[in-house]
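A.B. asks: Have a look at this one before I ask anything.
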Amino acid sequence: MSTQTRFPAASRLLHWLMAPMIIAMLFIGVGMAASLSPRYELLVSIHRPLGIAILVLCLARIVNRFINPPPELPDTVPSLQRFAAKASHIVLYTLMLIMPLIGWGMLSAARYPIVLYGNMRLPPILPHDLTLYAWLRDLHTVLAYLFFATFLAHFGAALFHGLIRRDGVLASMASWR
Amino acid sequence: MNMKPFWFGAGPVSSAGVLGRLGAIGVVMLSLAGAFAYVGGWLSPGRLTQDRMMAAFQHVNGIHAGFRRNHAKGICVTGWFESSGQAAALSKAAVFRPGRVEVVGRFALAGGMPFQADAPAKVRSMALRLLLPGGEEWRTGMNNIPVFPVNSARGFYEQLLASSPDPVTGKPDPDRMKAFLAAHPETVRAMQLIKQRQVTSGFANSTFNSLNAFRFVDAAGASVPVRWSTVPVQPSAVESAEPSAAGDKNYLFDGLIAQIAQHPQQWRLIVTIGQADDPTDDATLPWPAGRRQVDAGTVTIDHASSEDGGRCTDVNYDPLVLPSGIEPSDDPLLSARSAAYARSFTLRAGEELEKAPSAVTVQEVQAGGKS
Numbered sequence: 120m121s122t123q124t125r126f127p128a129a130s131r132l133l134h135w136l137m138a139p140m141i142i143a144m145l146f147i148g149v150g151m152a153a154s155l156s157p158r159y160e161l162l163v164s165i166h167r168p169l170g171i172a173i174l175v176l177c178l179a180r181i182v183n184r185f186i187n188p189p190p191e192l193p194d195t196v197p198s199l200q201r202f203a204a205k206a207s208h209i210v211l212y213t214l215m216l217i218m219p220l221i222g223w224g225m226l227s228a229a230r231y232p233i234v235l236y237g238n239m240r241l242p243p244i245l246p247h248d249l250t251l252y253a254w255l256r257d258l259h260t261v262l263a264y265l266f267f268a269t270f271l272a273h274f275g276a277a278l279f280h281g282l283i284r285r286d287g288v289l290a291s292m293a294s295w296r
Numbered sequence: 268m269n270m271k272p273f274w275f276g277a278g279p280v281s282s283a284g285v286l287g288r289l290g291a292i293g294v295v296m297l298s299l300a301g302a303f304a305y306v307g308g309w310l311s312p313g314r315l316t317q318d319r320m321m322a323a324f325q326h327v328n329g330i331h332a333g334f335r336r337n338h339a340k341g342i343c344v345t346g347w348f349e350s351s352g353q354a355a356a357l358s359k360a361a362v363f364r365p366g367r368v369e370v371v372g373r374f375a376l377a378g379g380m381p382f383q384a385d386a387p388a389k390v391r392s393m394a395l396r397l398l399l400p401g402g403e404e405w406r407t408g409m410n411n412i413p414v415f416p417v418n419s420a421r422g423f424y425e426q427l428l429a430s431s432p433d434p435v436t437g438k439p440d441p442d443r444m445k446a447f448l449a450a451h452p453e454t455v456r457a458m459q460l461i462k463q464r465q466v467t468s469g470f471a472n473s474t475f476n477s478l479n480a481f482r483f484v485d486a487a488g489a490s491v492p493v494r495w496s497t498v499p500v501q502p503s504a505v506e507s508a509e510p511s512a513a514g515d516k517n518y519l520f521d522g523l524i525a526q527i528a529q530h531p532q533q534w535r536l537i538v539t540i541g542q543a544d545d546p547t548d549d550a551t552l553p554w555p556a557g558r559r560q561v562d563a564g565t566v567t568i569d570h571a572s573s574e575d576g577g578r579c580t581d582v583n584y585d586p587l588v589l590p591s592g593i594e595p596s597d598d599p600l601l602s603a604r605s606a607a608y609a610r611s612f613t614l615r616a617g618e619e620l621e622k623a624p625s626a627v628t629v630q631e632v633q634a635g636g637k638s
């Protein structure tokens, strides 16, 4: 495994497919939660199916991670940074899995029809319960901020590896061949 | 390792280079965080956000934990909609095929005061949740006014603040309202139409109007602009000078409860079809008289209950919950209503356990509308 310097192609594909989706999702989410403008309806109608798409891709990504393990970090990376890298990846995977589920669950608890597109709807996964809805709705917001902060740390660390340490960690994901 | 431009190359960076590069990373991070904050509205104190709209409601009405921020005083009703089949050619929505769907509705008074006394001139509303086969829903909230007094979220917000009671006099500041009306001629015109409306004696003989325009889409994908109304089957009776039960703060609700207990109350769902140049994006403007109307069917309400434990209480009557075959128009109020209702719903959901009993209590409904 130590000879492997790059992420496998399937892993890179999933990463770069989901990265813009997740960043768009975070911006759409924070925007629609503030908006009273005509954009609100459009943003909500993108947010729901995009979230479910992220959930499906995230499941594929977890399976892929077992089939195609990521390369080891270079030996030059100190143990504290190694720990931070591992922890932040666990946080990112957890959030991309549970954020869509919380969104789906909170809409279920509020008994909104969960429309993906046109006549395509998802069934409710939780009972109709306002207190539960309010709790999940708040959790969705708090975890969205945590998600954005973790994304910033992840992106900052990637740039740090690429621009300052120049140890091949950025290139292990950001290479196109 | 095919990415080898200067900045991303291999090998050590000079210590001066490290500083510059750290700075560049910092700028990228700050820009992203700033963009996020901007989109979230935190950098624009003047932007009308959902939170600011809710703050305006709270400023005007105070806090009433667990109640809707607007149309706070209401009761729940249930019944059904029986389609005539006549609207099926205009919209492919399953609700318009001949047959019956269940209805969970709510009658309410406009305004954020859940314990306000009923009065003839107060705006009455009817909200319906039609439960279509297969899990589709149609939710609609209608008022007994011919047009809406404002045509934008900003207009609504400014009107709300202009009508808020002065802390000293307890009454709205007339100068503030004057300034608002001077800036909103559309509201002046709409208020004239609203004042001219004939106020009936109760909920049961009121006509309720969608106010916003929507679009009906047929099976071939062609769409027409529509507005809809529920028109009472019950004979109309004009409001007498004195409220019938003087001293009963809930006389409108009590009257409706008593009427439903006596006999199911019915409204015809009348769909008005707009023409190409009828305004769909301005709810202050009426459509010209004589537009084609279709009687889509009949709403029958046969059961009333208090909001406490009633089936409408946990429902957000979001006007953008629409079945396939009904679509929003370009009216900016639809998005604004949907967004504001959602925030109001979230706030009151979080306060559910602190909610005081509603004005119209379970006992009052059981007593047949007489407390």
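These protein sequence lines map, in sequence, to chains A and B.
Just remember that the working numbering sits 119 ahead of the position in the first sequence, which is counted from 1.
Just remember that the working numbering sits 267 ahead of the position in the second sequence, which is counted from 1.
Positions of the beta carbon are idealized from the N, C-alpha and C atoms, including for glycine.
This one's a predicted model, so the numbers in the text were calculated from it and none came from an experiment.
Is residue 227 of chain A closer than 7 angstroms to residue 273 of chain A when the C-beta atoms are compared?
C.D. replies: In this structure, residue 227 of chain A does not lie closer than 7 angstroms to residue 273 of chain A by Cβ.
A.B. asks: Specify the secondary structure class of residue 131 of chain A as computed by DSSP and reduced to three states.
C.D. replies: Helix.
A.B. asks: Between residue 590 of chain B and residue 604 of chain B, is the Cβ-Cβ spacing less than 7 angstroms?
C.D. replies: It is not a contact, given that the beta carbons lie outside the stated cut-off.
A.B. asks: When the cut-off is 7 angstroms and only beta carbons count, does residue 622 of chain B lie next to chain A?
C.D. replies: Closer than 7 angstroms: no.
A.B. asks: What's the gap between the Cα of residue 129 of chain A and the Cα of residue 291 of chain A?
C.D. replies: Straight-line Cα distance between these residues: approximately 13 angstroms.
A.B. asks: Name the chain A residues that come within less than 8 angstroms of residue 307 of chain B, Cβ to Cβ?
C.D. replies: Correct list: 149, 150, 152, 153.
A.B. asks: For residue 559 of chain B, count the other beta carbons within 10 Å of its own beta carbon; 16 or more makes it buried, fewer makes it exposed. Which is it?
C.D. replies: By the neighbour-count rule (16 or more Cβ atoms within 10 Å), residue 559 of chain B is not buried but exposed.
A.B. asks: Are there 16 or more other CB atoms within 10 angstroms of the CB of residue 403 of chain B, so buried, or fewer, so exposed?
C.D. replies: Buried, by the Cβ-count rule.
A.B. asks: In its own chain, which residues sit with a C-beta less than 6 angstroms from the C-beta of residue 144 of chain A, not counting the 5 before and 5 after it?
C.D. replies: The residues are 169.
A.B. asks: So which residues on chain A does residue 316 of chain B lean against when the C-beta distance must stay under 8 angstroms?
C.D. replies: The contacting residues are 153, 154, 155.
A.B. asks: Are the beta-carbon atoms belonging to residue 255 of chain A and residue 224 of chain A less than 7 angstroms from one another?
C.D. replies: Yes; because the gap between Cβ atoms is below 7 angstroms, this pair is in contact.
A.B. asks: Have a look at residue 375 of chain B and residue 472 of chain B and give me their C-alpha separation to the nearest angstrom.
C.D. replies: Distance between the alpha carbons of residue 375 of chain B and residue 472 of chain B is about 14 angstroms.
A.B. asks: Is the Cβ-Cβ distance between residue 592 of chain B and residue 484 of chain B less than 7 angstroms?
C.D. replies: Yes.
A.B. asks: Mapping the DSSP letters down to three states, classify residue 398 of chain B as helix, strand or coil.
C.D. replies: Reduced to three states, the DSSP call for residue 398 of chain B is strand.
A.B. asks: For residue 286 of chain A, collect the residues of the same chain with a Cβ closer than 8 angstroms to its Cβ; drop the 5 residues on either side in sequence, then sort them by chain order.
C.D. replies: The residues are 193, 195, 196, 280.
A.B. asks: Measuring alpha carbon to alpha carbon, tell me which of A:271, A:257, A:218, A:295 ends up nearest residue 175 of chain A.
C.D. replies: Of the listed residues, the one whose Cα sits closest to residue 175 of chain A is A:218.
A.B. asks: Applying the 10 Å Cβ sphere with the 16-neighbour rule, what's the burial state of residue 599 of chain B?
C.D. replies: By the neighbour-count rule (16 or more Cβ atoms within 10 Å), residue 599 of chain B is buried.
A.B. asks: Expressed to the nearest angstrom, what Euclidean distance is found between the alpha-carbon atoms of residue 633 of chain B and residue 340 of chain B?
C.D. replies: Distance between the alpha carbons of residue 633 of chain B and residue 340 of chain B is about 18 angstroms.
A.B. asks: Classify residue 630 of chain B as buried or exposed, calling it buried when 16 or more other Cβ atoms lie within 10 Å of its own Cβ.
C.D. replies: When all chains shown are included, residue 630 of chain B counts as exposed.
A.B. asks: Establish whether the CB of residue 508 of chain B and some CB of chain A are separated by less than 7 angstroms.
C.D. replies: Reliability fails at residue 508 of chain B, whose pLDDT of 49 lies under 50, so the model's placement of it is uncertain and the value that follows must be treated cautiously. So no, residue 508 of chain B is outside the interface.
A.B. asks: How would you call residue 526 of chain B, buried or exposed, if buried means at least 16 neighbouring beta carbons within 10 angstroms?
C.D. replies: The residue is buried, with at least 16 neighbouring Cβ atoms inside 10 Å.
A.B. asks: Are residue 149 of chain A and residue 307 of chain B closer than 7 angstroms when you measure CB to CB?
C.D. replies: Yes, these two residues count as a Cβ contact at 7 angstroms.
A.B. asks: Give me the Cα-Cα distance between residue 508 of chain B and residue 515 of chain B, rounded to the nearest whole angstrom.
C.D. replies: The pLDDT assigned to residue 508 of chain B is 49, lower than 50, so where the model puts this residue is not dependable; a value taken from the coordinates is nonetheless given after this. Each residue's Cα considered, the two are about 15 angstroms apart.
A.B. asks: Is the shortest distance between the beta-carbon of residue 613 of chain B and the beta-carbons of chain A less than 7 angstroms?
C.D. replies: Yes, because at least one Cβ of chain A sits closer than 7 angstroms to the Cβ of residue 613 of chain B.
A.B. asks: Taking 7 angstroms as the CB-CB cut-off, is residue 346 of chain A touching chain B?
C.D. replies: Residue 346 of chain A is absent from the structure shown; chain A starts at 120 and stops at 296.
A.B. asks: Fully enclosed by the region 127-173 of chain A, which alpha helix (DSSP H) runs are 4 residues long or longer?
C.D. replies: Qualifying alpha helix (DSSP H) stretches, in chain order: 128-151.
A.B. asks: Run through DSSP, which three-state label would residue 633 of chain B get?
C.D. replies: Helix.
A.B. asks: Does the distance from the C-beta atom of residue 421 of chain B to that of residue 394 of chain B stay below 7 angstroms?
C.D. replies: Taking 7 angstroms as the Cβ cut-off, residue 421 of chain B and residue 394 of chain B do not qualify as a contacting pair.
A.B. asks: To the nearest angstrom, how far is the alpha carbon of residue 544 of chain B from that of residue 270 of chain A?
C.D. replies: Computed Cα separation, rounded: 48 angstroms.
A.B. asks: Since I believe residue 415 of chain B is in contact with residue 536 of chain B (beta carbons under 8 angstroms), could you give me their beta-carbon distance rounded to a whole number of angstroms?
C.D. replies: The Cβ separation is near 19 angstroms, so there is no contact.
A.B. asks: Going by the beta-carbon positions, is the gap between residue 517 of chain B and residue 385 of chain B smaller than 7 angstroms?
C.D. replies: Against a cut-off of 7 angstroms, the Cβ pair of residue 385 of chain B and residue 517 of chain B comes out as a contact.
A.B. asks: What does residue 583 of chain B touch in chain A if you count any residue whose Cβ is under 8 angstroms from its own?
C.D. replies: Residues of chain A passing the Cβ test: 229, 231.
A.B. asks: Which word fits residue 239 of chain A, buried or exposed, when buried means at least 16 other C-beta atoms lie within 10 angstroms of its C-beta?
C.D. replies: Exposed is the call here.
A.B. asks: So, are the CB atoms of residue 606 of chain B and residue 155 of chain A less than 7 angstroms apart?
C.D. replies: Yes, Cβ-Cβ distance for residue 606 of chain B and residue 155 of chain A is below 7 angstroms.
A.B. asks: For residue 282 of chain B, does the three-state DSSP call read helix, strand or coil?
C.D. replies: In this structure, residue 282 of chain B counts as helix in the three-state DSSP scheme.
A.B. asks: Grouping DSSP H, G and I as helix and E and B as strand, with all else coil, what is residue 306 of chain B?
C.D. replies: If DSSP states are grouped into helix, strand and coil, residue 306 of chain B belongs with the helices.
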